[in-house]
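Undergrad: Just dropping this structure here.
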Amino acid sequence: MKTNDFPPRVVSAAGPEQGGARADAIVELQDVHFGYGSGLASVLRGVDMQAPAESATAILGSNGAGKSTLFHLILGMLSPRKGLILFDGQPRDEWPRNRLSRFLALVPQSEYIPFEFSLLDYVLLGRAPHLTALQTPTDEDMQQALDALEMVGLGALWQRSVPALSGGERQLAMLARALAQEPRVLLLDEPTSHLDPSNRGRVLEILRRLLTQKVTLIFTTHDPNLAMSLASHAVLIRQGTVLAAGPADTTLTAAALTALYGSPVEMHEAGARKLFWVG
Amino acid sequence: MQTRLVEMSGGTPVWTDVADSGGWTVVNLEQIAAWDPDVIVIVHYRGDSSEIAASLVENATWQQLRAVQEGRIYGFPADFYSWDQPDVRWTLGLRWLANTLHPDRMGGFDVVAEMQRFYADLYGLDAATVETTILPALQGSVE
Amino acid sequence: MSTPSSTVAAEARASVSPIGALDQVQALRRQGQRRLWLLAALLIAVTSASLFIGRYPRPYWMSPWVLGEDAMAQQIVWALRMPRVLMAVLLGAALGGAGITLQMIFRNPLVEPGFLGVSQGAAFGAAFSIVFLGSASLYVQGLAMLFAFAGLGLSYFLAQRLRYGGWVLRLVLAGVAVSAIFSAGVGLLKYLADPLTELPEITYWLLGGLWSVTWRDPLLVAPVVLSSLTVLLLMRWRLNLLALNEETSHSLGVRPVFERALMLTAAVAATASVVAIAGIVGWVGLLVPHIVRRLVGANTQLSLPAAMLGGALFVVLCDDLARSMTAGEIPLGILTSLLGAAGFLFVLAGNPIRTRE
Chain W
37 MKTNDFPPRV VSAAGPEQGG ARADAIVELQ DVHFGYGSGL ASVLRGVDMQ APAESATAIL
97 GSNGAGKSTL FHLILGMLSP RKGLILFDGQ PRDEWPRNRL SRFLALVPQS EYIPFEFSLL
157 DYVLLGRAPH LTALQTPTDE DMQQALDALE MVGLGALWQR SVPALSGGER QLAMLARALA
217 QEPRVLLLDE PTSHLDPSNR GRVLEILRRL LTQKVTLIFT THDPNLAMSL ASHAVLIRQG
277 TVLAAGPADT TLTAAALTAL YGSPVEMHEA GARKLFWVG
Chain D
55 MQTRLVEMSG GTPVWTDVAD SGGWTVVNLE QIAAWDPDVI VIVHYRGDSS EIAASLVENA
115 TWQQLRAVQE GRIYGFPADF YSWDQPDVRW TLGLRWLANT LHPDRMGGFD VVAEMQRFYA
175 DLYGLDAATV ETTILPALQG SVE
Chain V
24 MSTPSSTVAA EARASVSPIG ALDQVQALRR QGQRRLWLLA ALLIAVTSAS LFIGRYPRPY
84 WMSPWVLGED AMAQQIVWAL RMPRVLMAVL LGAALGGAGI TLQMIFRNPL VEPGFLGVSQ
144 GAAFGAAFSI VFLGSASLYV QGLAMLFAFA GLGLSYFLAQ RLRYGGWVLR LVLAGVAVSA
204 IFSAGVGLLK YLADPLTELP EITYWLLGGL WSVTWRDPLL VAPVVLSSLT VLLLMRWRLN
264 LLALNEETSH SLGVRPVFER ALMLTAAVAA TASVVAIAGI VGWVGLLVPH IVRRLVGANT
324 QLSLPAAMLG GALFVVLCDD LARSMTAGEI PLGILTSLLG AAGFLFVLAG NPIRTRE
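Chains as they are written, first to last, in our numbering: chain W, 37 to 315; chain D, 55 to 197; chain V, 24 to 380.
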């Protein structure tokens, strides 16, 4: 069984107004500013957010609010102009690249694959963080990839070519590849937006199962109902600033969502469930 | 042009089966070996063809050719312009080639005398002018 | 400490894992490897046989027994055919390997190594040398290689300056523009060239061919070609990652800019060296990757070495035709384009190639 050495937790030097680093925040952003180019226009202005470990955090916001930029910052594709990004309490600059990719995995919204990779070869690419640049996958890596496929219910299709998969199956394939990374944190970009109800149900079931297995989920979504049903925490982002953040059931309110989207949102209670109606 | 020159000089060009389209054709050395020619004539438009011929005699692969072994590789002569080209000098080239292929039948070929006669007849140049301006430019396998 | 998702995986293995799935995977992988070895064996057989194919002592085939008694035959095999066949192997392996590398990096199955101004740059360099510096092969090859790299450098520089589209699109646009500039330059040089001496040489060079190859040529380019191909071979599995979305490859720990530049440089260095000697030999780098992907799958762990072997095989066969089919040389570039394009249509008809929708 593989073991990962995680950096020791250090007490973060966050200002007292943030209430310090929360002991259980596995991913944390402190006063993050970002803009493309050297102009004054900023995409993100002073974003603070915390994703508690072993639970799901939903990021909501309209198109262009800065959700994708936020993901790219967390992944390290972009660097903040100002502010800190901490993983396990340690600034991300101090994380070696390979260890970071064993800690954090991405499930993109969609991915264009021009070549006829077999599903197994595709999922096997998720083992890259566990291999050096010149290594090729071992039998153990193949077993991990097969297990990841099994986990998302595509075990029988491992020989199928990826471009020939349905949209739902491709979403599951990307999820399996991220699982093959054996990450502690999973970043999901709109995990269900392209899916029909049955595939959506499949993805949600897998994500819930992952939560019981101590994986941390951070996902963006346009759907407050998905956020409500899956996430314990929610962050609302409007025009590059955090509108509200906190536990999902207190943060996701009709008033906050109306302010977020700029169009009226109603909340209905159906038994123990809260349902949002937009428009 | 070169094909006609060889034929008129009483030779048999080996390349007629590939050069039916006109213009130059690239062949490789092994094709030349397969043709196994009696005589090889080098034409070169940017320098002394006899130097090329001499360098080929030094080459181990070319040395295996019968024509080279028998010393029958020549550089086509040129003065300011090669004598195998379609201008009047081709008559000089023809006489040179005929003499080179069949020295026994041409009864001696003095290239300087031929040139003097040629330039005097066609260009009205006197012997001294030919001697000082044209002869220094003469290249190729000529004495 | 056991990581969370390996626990998950272990659970999945315990509950639903198909018994023997790994065995099946391994069997499939072994099958792919067998095909690779088969390709290698075929290449060796064809390469050896090619030494006996030619015009001497009679067209097409020379019996090995001739070798014992005919000094000319020994010279031809040793000094002419052997370096030429070796050069064909290097040429094909470089074009095939570079072709699949570029296709993966640009995430586009229709890319070929002449892309990014490399071929047109080399053509311009060769034509420039023929017109202004004389046709000594050292000048022609040196300048061809120089301008091949200049083509890449210029494309790269322009791509960074362009303010339109993503990285790949910018490079493609820059490559198209740079190629157009160089081919205009070649047109101008042809116009300036002496029709008696220089123009035919430029034309022959542009058509591509190996008839002037001596031992000097393969030995000259082998260090660059072999080291570049070694870099690509060592990173053959890693190349897959570059065909993914930029954000995905980033999240998998790839340094996309660095690794892409490294593999791109290796591919172009190999291409530039062989193009400098052989001239423009098209379609190999486009067709061969498509065929080998059919044969061993898209995974570059197998398809990259297969593309090198397949490219070498294709070029050796084409050059055999070029030098032995008729008494005169047929330009190699014409043969590879003819057979390559025909093969491409054939492959395309069998199974459509996906392009960006």
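Built from N, CA and C at the ideal position, the CB exists for glycine as well. None of these values were measured; they are calculated from a predicted model.
Within the continuous alpha helix (DSSP H) that includes residue 150 (chain D), where are the two ends?
TA: Residue 150 (chain D) sits at position 96 when you count from the first residue of the second sequence. Where residue 150 (chain D) is concerned, the enclosing alpha helix (DSSP H) stretches over 144–155.
Undergrad: Take the Cβ of residue 57 (chain W) as the centre, count every other Cβ of all protein chains shown within 10 Å, and call the residue buried at 16 or more, exposed below.
TA: Position 21 of the first sequence, counting from 1, holds the residue named residue 57 (chain W). Bear in mind that the predicted position of residue 57 (chain W) carries a pLDDT of just 42, short of 50, making it unreliable; the figure below should be weighed with that in mind. Buried, by the Cβ-count rule.
Undergrad: Any residues in the segment 256–278 of chain V with a beta carbon nearer than 8 Å to a beta carbon of chain W? Which ones, in chain order?
TA: Listed in sequence order: 257, 258, 259, 260, 261, 263, 264, 266, 267, 268, 269, 270, 271, 273, 274, 275, 276, 277, 278.
Undergrad: What are the complete beta strand (DSSP E) segments, minimum 3 residues, inside the segment 96–129 of chain V?
TA: Listed in chain order, nothing qualifies, since the segment 96–129 of chain V has no complete beta strand (DSSP E) run of 3 or more residues.
Undergrad: Would you say residue 144 (chain W) and residue 271 (chain V) are within 8 Å of each other, going by their C-beta atoms?
TA: Residue mapping note: residue 144 (chain W) aligns to position 108 of the first sequence, counting from 1. Residue mapping note: residue 271 (chain V) aligns to position 248 of the third sequence, counting from 1. Yes, the Cβ-Cβ distance between residue 144 (chain W) and residue 271 (chain V) is below 8 Å.
Undergrad: Residue 223 (chain V) CB to nearest chain W CB: under 8 Å?
TA: Reading the third sequence from its first residue, position 200 is the one you call residue 223 (chain V). No, residue 223 (chain V) lies away from the interface with chain W (no Cβ there is under 8 Å from its Cβ).
Undergrad: Could you say if the segment 103–119 of chain W and the segment 170–187 of chain W meet the contact criterion of at least three C-beta pairs nearer than 8 Å?
TA: No, they do not touch.
Undergrad: Residue 263 (chain W) and residue 96 (chain W) look like a contact to me (Cβ under 8 Å); what is the Cβ gap, rounded to whole Å?
TA: If you number the first sequence from 1, residue 263 (chain W) lands on position 227. If you number the first sequence from 1, residue 96 (chain W) lands on position 60. Their Cβ separation, rounded to whole angstroms, is 6 Å, which keeps residue 263 (chain W) and residue 96 (chain W) in contact under 8 Å.
Undergrad: Is any beta-carbon of chain D found at less than 8 Å from that of residue 346 (chain V)?
TA: Taking the first residue of the third sequence as 1, we reach residue 346 (chain V) at position 323. Yes, residue 346 (chain V) counts as interfacial toward chain D.
Undergrad: Beta-carbon within less than 6 Å of residue 135 (chain V)'s beta-carbon, same chain only, minus the 5 sequence neighbours each way: which residues are those?
TA: Residue numbering aside, residue 135 (chain V) sits at position 112 when the third sequence is read from its first letter. The answer, listed in chain order, is 122, 308, 309.
Undergrad: Does any C-beta atom of chain D lie closer than 8 Å to the C-beta of residue 294 (chain V)?
TA: Residue 294 (chain V) sits at position 271 when you count from the first residue of the third sequence. Chain D contact via Cβ: absent.
Undergrad: Would you say the beta carbon of residue 358 (chain V) comes nearer than 7 Å to a heavy atom of the ligand NAP?
TA: Within the structure as shown, the ligand NAP is missing, as the structure has no ligands at all.
Undergrad: So with Cβ pairs under 8 Å, would you call residue 283 (chain V) a contact of chain W?
TA: Against the third sequence, residue 283 (chain V) aligns to sequence position 260. For residue 283 (chain V), the answer is no, since every Cβ of chain W falls outside 8 Å of its Cβ.
Undergrad: What are the partner residues of residue 269 (chain W), as DSSP defines its beta bridges?
TA: On the first sequence, position 233 is the one that residue 269 (chain W) refers to. For residue 269 (chain W), which the question treats as bridged, DSSP gives the partners W:93, W:283.
Undergrad: So residue 265 (chain V) and residue 277 (chain V) are in contact, right, with Cβ under 8 Å, and what is the actual spacing, rounded?
TA: Sequence index remark: in the third sequence, residue 265 (chain V) carries index 242 (1-based). Sequence index remark: in the third sequence, residue 277 (chain V) carries index 254 (1-based). About 7 Å separates the two Cβ atoms, so the contact holds.
Undergrad: State the CB to CB distance for the pair residue 106 (chain V) and residue 238 (chain V), rounded to an integer number of angstroms; the pair is presumed to be in contact (CB under 8 Å).
TA: The sequence position of residue 106 (chain V) within the third sequence is 83, counting from 1. The sequence position of residue 238 (chain V) within the third sequence is 215, counting from 1. Right, the Cβ-Cβ distance comes to about 5 Å (below 8 Å), so this counts as a contact.
Undergrad: Residue ranges of each alpha helix (DSSP H) run of no fewer than 4 residues wholly in the segment 180–254 of chain W, ordered along the chain?
TA: Fully enclosed alpha helix (DSSP H) runs of 4 or longer: 203–216, 233–248.
Undergrad: What residues are listed by DSSP as bridge partners for residue 143 (chain V)?
TA: To locate residue 143 (chain V), count along the third sequence from 1; it is residue 120. BP columns for residue 143 (chain V) are empty, so no partner.
Undergrad: Starting from residue 320 (chain V), find everything on chain W with Cβ-Cβ shorter than 8 Å and list it in chain order.
TA: Sequence index remark: in the third sequence, residue 320 (chain V) carries index 297 (1-based). 152, 153, 154, 157, listed in chain order.
Undergrad: Residue 47 (chain V): which of W:175, W:138, W:113, W:69 sits nearest, CA to CA?
TA: Walking along the third sequence from the start, residue 47 (chain V) turns up at place 24. Looking at the Cα atoms, W:175 is the closest of the given residues.
Undergrad: Which of helix, strand or coil does DSSP assign to residue 348 (chain V)?
TA: Sequence index remark: in the third sequence, residue 348 (chain V) carries index 325 (1-based). Here residue 348 (chain V) sits in coil by DSSP.
Undergrad: 8 Å is my cut-off, CB to CB: does residue 110 (chain D) come that close to chain V?
TA: The count along the second sequence starts at 1 and reaches residue 110 (chain D) at position 56. Judged by the 8 Å Cβ criterion, residue 110 (chain D) is not in contact with chain V.
Undergrad: In this structure, how does DSSP classify residue 315 (chain V) when only helix, strand and coil are distinguished?
TA: The residue given as residue 315 (chain V) occupies position 292 in the third sequence. The answer is helix: DSSP assigns residue 315 (chain V) an H, G or I state.
Undergrad: Determine whether the beta carbon atoms of residue 320 (chain V) and residue 259 (chain W) lie at a separation below 8 Å.
TA: Here residue 320 (chain V) refers to the residue found at position 297 when the third sequence is read from its first residue. Here residue 259 (chain W) refers to the residue found at position 223 when the first sequence is read from its first residue. Going by C-beta atoms, residue 320 (chain V) is not nearer than 8 Å to residue 259 (chain W).
Undergrad: Taking a Cβ distance cut-off of 8 Å, strictly less, list which residues of the segment 183–202 of chain V are near chain W, in chain order.
TA: For the segment 183–202 of chain V, which is checked against every Cβ of chain W, not one residue is closer than 8 Å.
Undergrad: Give a yes or no on whether the minimum CB-CB distance between residue 53 (chain V) and chain W is below 8 Å.
TA: Numbered from 1 along the third sequence, position 30 holds the residue referred to as residue 53 (chain V). Not one chain W Cβ lies under 8 Å of residue 53 (chain V).
Undergrad: Name the DSSP bridge partner or partners of residue 166 (chain D)?
TA: The residue given as residue 166 (chain D) occupies position 112 in the second sequence. Residue 166 (chain D) is not bridged to any residue.
Undergrad: Check the C-beta distance from residue 147 (chain D) over to residue 131 (chain D) and give it rounded, since I have them as a contact under 8 Å.
TA: Along the second sequence, one-based indexing puts residue 147 (chain D) at 93. Along the second sequence, one-based indexing puts residue 131 (chain D) at 77. Correct: roughly 7 Å between the Cβ atoms.
Undergrad: Near residue 134 (chain D), which residues of its chain fall below 7 Å by C-beta distance, leaving aside the five closest residues on each side in sequence?
TA: Here residue 134 (chain D) refers to the residue found at position 80 when the second sequence is read from its first residue. The residues are 191.
Undergrad: Over the uninterrupted beta strand (DSSP E) stretch that includes residue 128 (chain D), give me the two end residues.
TA: Counted from its first residue, the second sequence places residue 128 (chain D) at position 74. Segment 127–129, the beta strand (DSSP E) holding residue 128 (chain D).
Undergrad: Which same chain residues, not among the five before or five after residue 91 (chain W), have their C-beta less than 6 Å away from its C-beta?
TA: The residue you call residue 91 (chain W) lines up with position 55 of the first sequence. Excluding positions up to five away in sequence, the list reads 268.
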